[in-house]
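These protein sequence lines are chains A and B, in that order.
Taking this note's numbering, the leading residue of the first sequence gets 6, the next gets one more, and so forth.
Taking this note's numbering, the leading residue of the second sequence gets 4, the next gets one more, and so forth.
Think of the CB as a built atom: it goes at the ideal place given N, C-alpha and C, for glycine as much as any other residue.
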Amino acid sequence: MAVTGLVLVLFLVAHMLGNLKIFTGAEDFNHYAHWLRDLGTPLLPYGWYLWLQRGALLVALAAHIWAATMLALRARSARPVRYAHRKKVQGSYAARTMRWGGVIIALFVIYHILDLTTGHLNPIGDPTRPQANVVADFAPERWYVTLFYTLAVVALGFHLRHGAYSALRSLGQQTPQGERRARGLALVFAVALSVGYLVVPFAVLLGLVR
Amino acid sequence: MNLTLRIWRQTGPETKGRMVTYQVEDISPDMSFLEMLDVLNERLTLAGEEPVAFDHDCREGICGMCGMMINGNAHGPQRGTTACQLHMRQFTDGDTIDIEPWRARAFPVVKDLVVNRNAFDQIIAGGGFVTVPTGSAPEAHAAPVAKADADAAFESAACIGCGACVAACPNGSGMLFAAAKVTQLSLLPQGQPERYTRVVGMVDAHDEAGFGGCTNAGECTVVCPKGIPLHTIGRLNRDYLAATAKNTARS
Ligand code: HEM
Ligand code: SF4
Ligand code: FES
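The structure is reproduced here in structure tokens:
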């Protein structure tokens, strides 16, 4: 869980940094998208690096969901008779929403790929003009797309807050000071990442990026 | 105080149980929660009905027998307190109180609110012990322990094995209990020889007993009457990683 999650975290950081290229101009952003495909050449043929990365992410995601499913099945079998009266959350909200939050994020990732990678659900959907696709996506009249995007990123923020904290614990964080540091780190990281992802659609919405 | 109680009644391990409603009157706010149940049981006995079975022994918060789910809270609403040490002044006149046994596959109901916590003994048998020479006691100064380690070991040693952590865990995991025992022993010199076989043995026994897997949800430490901290689980994880890396685990 922790190891596969960390692979996904690395991707999320790189992806966010890449997205921020939109603020340095359409030219730069499109060049970045092209560069992703060009990466590794001439060692690898054009586009291969990207496919390798996609393969690795898919393996990590599959392993992640498999591990989460196993945990959920074990939890289910560990409590065959439910409580009639149950206090909802006493620990952390983020921790209690990992499973449903994860499913929501996974659905979003599918939508997101159909939108901005394959272009099927994008109003422009032209693979040679990624910047234009993004701008068209978050246009003010398509506010519901921005809304859905925002909800998914907030869900991701919660998922990461508990995920990062939990992963540090799984990898051996063991002192009271360490616990405080891990909590702080996870919170700052989750907020930073969510904000990094949200500035793009809101900049488009407000007309700062066109 | 007058209260409405809804209590899980189940005649035996194999029978189906249900929530039954009772009224109790004239409860003093100075009574403990178990004394309030005693009042109910006395009345039931006089009326020729079967009294509500619940576990208890010390009634002073040290034996770990008295666990029950009170309004969805393991050991009731007051933090750091066992059910026997909970007082009725935590409730108000006219309240409805739901009382259920711990719910976990590893803790089957014996009768009413009584569950069988043998699974914890299996975890202990998996490695929660140290090997010591019998006979004369060793010279105490021969095995110095740093103050910080002694304090942390003592904090973990406060676990009374009540099972509230399992009862509250959304995964039905017993990891806080196992981690308290592992932490206590792995911090002290006496626990070193078996340190890495212990952690693997205890985790294996935990999983075999049918407890769920820990996801660091943290509900356990909130309800733990002894305040066993969640980071003990990190210590268990670290010993476990070291054990599997060293491959001294299964000899
Ligand atoms: C069906 C979908 C998913 C489920 C059920 C799920 C479930 C979980 C669970 C239970 C954890 C916590 C592990 C723990 O507490 O130790 C976790 C952590 C994490 N998840 Fe997911 N997840 C899903 C999809 C995703 C997706 C799509 C991403 C990213 C694109 C993602 C990224 C992460 C990260 C970065 C962590 C933190 C690292 C860790 O603790 O392992 N998850 N997930
Ligand atoms: S860790 Fe706390 S809640 Fe769990 S058995 Fe020990 S004392 Fe009870
Ligand atoms: S009866 Fe001993 S701890 Fe409550």
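Buried/exposed call for residue i, threshold 16 Cβ in 10 Å
i: Lys114(B); result: buried
i: Glu52(B); result: exposed
i: Glu222(B); result: buried
i: Ile115(A); result: exposed
i: Glu32(A); result: exposed
i: Ser254(B); result: Interpretation of Ser254(B) is limited by its pLDDT of 46, a score under 50 that renders its predicted location unreliable; no figure is taken from the coordinates.
i: Gln88(B); result: buried
i: Ser176(B); result: buried
i: Leu22(A); result: exposed
i: Thr134(B); result: exposed
i: Asp124(B); result: exposed
i: Gly213(B); result: buried
i: Ser139(B); result: exposed
i: Ser82(A); result: exposed
i: Gln13(B); result: buried
i: His39(A); result: exposed
i: Gln193(B); result: exposed
i: Lys150(B); result: exposed
i: Thr122(A); result: exposed
i: Phe28(A); result: exposed
i: Ala153(B); result: exposed
Interface partners of residue i on chain B, CB under 7 angstroms
i: Gly96(A); result: Ala220, Gly221, Glu222, Val225
i: Ala160(A); result: Within chain B, no residue comes near Ala160(A); the closest Cβ sits about 17 angstroms away, beyond 7 angstroms.
i: Gly106(A); result: Per Cβ cutoff of 7 angstroms: no residues; Gly106(A) is ~12 angstroms from chain B at best.
i: Gly177(A); result: Gly237, Asn240, Arg241, Leu244
Host alpha helix (DSSP H) of residue i (start-end)
i: Glu45(B); result: 36 to 49
i: Ile109(A); result: 103 to 117
i: Arg59(A); result: 53 to 83
i: Thr155(A); result: 148 to 175
i: Glu259(B); result: Outside the modelled stretch of chain B, which goes from 4 to 254, sits residue 259(B), for which no answer is possible.
i: Ile258(B); result: In the structure displayed, chain B extends from 4 to 254; residue 258(B) sits before or after that span and is not available.
i: Arg12(B); result: Element bounds for Arg12(B): not the alpha helix (DSSP H) but the beta strand (DSSP E), 6 to 12.
i: Thr200(B); result: 198 to 211
i: Asn24(A); result: 7 to 24
i: Leu188(B); result: 178 to 189
i: Cys87(B); result: Counting along the chain, Cys87(B) falls outside any alpha helix (DSSP H), and DSSP gives it neither H nor E.
i: His36(A); result: 31 to 43
i: Gly135(A); result: Here the sequence assigns Pro to residue 135(A), which means Gly is not the residue at that position. Segment 135 to 142, the alpha helix (DSSP H) holding Pro135(A).
i: Val225(B); result: 222 to 226
Residue i: first and last residue of the uninterrupted beta strand (DSSP E) it sits in
i: Met22(B); result: 21 to 27
i: Val112(B); result: 112 to 114
i: Pro180(A); result: Looking at the sequence provided, one finds Thr at residue 180(A) rather than Pro. First-last for Thr180(A): undefined, no H or E at that position.
8 angstroms Cβ cut-off: residues of chain A touching residue i
i: Leu233(B); result: Arg174, Glu184
i: Gly216(B); result: Met75, Leu76, Arg79, Ala80
i: Ala109(B); result: Ala83
i: Gly230(B); result: Neighbours of Gly230(B) on chain A: none; closest Cβ ~12 angstroms, over 8 angstroms.
i: Gly213(B); result: Ser82, Ala83
Chain-ordered chain B contacts of residue i [CB-CB under 8 angstroms]
i: Arg147(A); result: Per Cβ cutoff of 8 angstroms: no residues; Arg147(A) is ~37 angstroms from chain B at best.
i: Tyr170(A); result: Asn219
Contacts that residue i makes with chain B (C-beta to C-beta distance below 9 angstroms)
i: Thr180(A); result: Ala155, His234, Gly237, Arg238
i: Ala100(A); result: Pro173, Thr218, Asn219, Ala220, Gly221, Glu222
Partner residues on chain A for residue i, Cβ-Cβ distance less than 9 angstroms
i: Asp101(B); result: Tyr88, Ala89, His90
i: Arg106(B); result: Arg84, Pro85, Val86, Arg87, Tyr88
Closer than 7 angstroms at the beta carbon, the chain A residues around residue i
i: Met22(B); result: Ala89
Interface flag, residue i vs chain E, CB-CB below 8 angstroms
i: Met103(A); result: The displayed structure is made up of protein chains A and B, and chain E is not among them.
Residues within the stretch 49 to 82 of chain A neighbouring chain B, beta-carbon criterion of under 7 angstroms: Legend: CB atoms of the stretch 49 to 82 of chain A lying less than 7 angstroms from CB atoms of chain B belong to residues Leu76, Arg79, Ala80, Ser82.
Contact list for the stretch 126 to 156 of chain B against chain A, Cβ threshold 7 angstroms: Of all residues in the stretch 126 to 156 of chain B, none is placed with a Cβ closer than 7 angstroms to any Cβ belonging to chain A.
Proximal residues, the stretch 72 to 90 of chain B versus chain A, C-beta separation under 7 angstroms: Of all residues in the stretch 72 to 90 of chain B, Met72, Asn74, Gly75, Asn76 have a Cβ within less than 7 angstroms of some Cβ in chain A.
Chain-ordered residues of the stretch 4 to 22 of chain B with a beta carbon less than 7 angstroms from chain A: Shown in chain order are the members of the stretch 4 to 22 of chain B whose Cβ falls below 7 angstroms from a Cβ of chain A: Met22.
In chain order, each alpha helix (DSSP H) run of at least 4 residues that lies wholly inside the stretch 118 to 176 of chain B: 121 to 128, 150 to 160, 167 to 171, all fully within the stretch 118 to 176 of chain B.
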